[in-house]
Amino acid sequence: MRLSNDLREFLESLNSRGIDYVIVGAHSLAFHGRPRYTGDLDILVRATPENAAKLVDLLNHFGFADVAFKESDFTKP
435 MRLSNDLREF
445 LESLNSRGID
455 YVIVGAHSLA
465 FHGRPRYTGD
475 LDILVRATPE
485 NAAKLVDLLN
495 HFGFADVAFK
505 ESDFTKP
């Protein structure tokens with residue numbers, strides 16, 4: 435499975451920061467032998483306050499500071 439440099443860097447950053455997540459969607463299907471490439475990456479992040487804080491920090495570092503994500507964006511339904 436090939437990932438763009440941006441997607442690879444994002445996943446590496448999730449891992450290095452200890453963010454709990456799973457890959458879902460087309461990339462998950464491809465890994466399990468049912469390729470359906472869409473060009474995006476769908477992830478599901480565990481909705482805990484600690485995980486949300488790490489994710490907000492990562493998104494800010496990754497260039498999304500202008501969006502002004504808050505921890506509650508990732509912990510409240």
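Read in order, the letters of the sequence shown correspond to residues 435 to 511 in the numbering used here.
Here a beta-carbon is modelled for each residue, glycine too, at the ideal position from N, C-alpha and C.
Just so it is clear, the structure is predicted and the values come from calculations on it, not from any experiment.
Distance between residue j and residue i (C-alpha atoms, nearest Å)
{"i": "E505", "j": "L448", "result": "16 angstroms"}
{"i": "F498", "j": "V490", "result": "9 angstroms"}
{"i": "I457", "j": "I477", "result": "5 angstroms"}
Integer Cβ distance of residue i from residue j, believed to fall under 8 angstroms
{"i": "D377", "j": "N485", "result": "Look at the range of the chain in this structure, 435 to 511, and you will see that residue 377 is not part of it."}
{"i": "R451", "j": "L492", "result": "6 angstroms"}
{"i": "F496", "j": "F444", "result": "7 angstroms"}
Environment of residue i [buried if 16+ CB atoms lie within 10 Å]
{"i": "K488", "result": "buried"}
{"i": "F508", "result": "buried"}
Cross-strand partners of residue i (DSSP beta bridge)
{"i": "I457", "result": "I477"}
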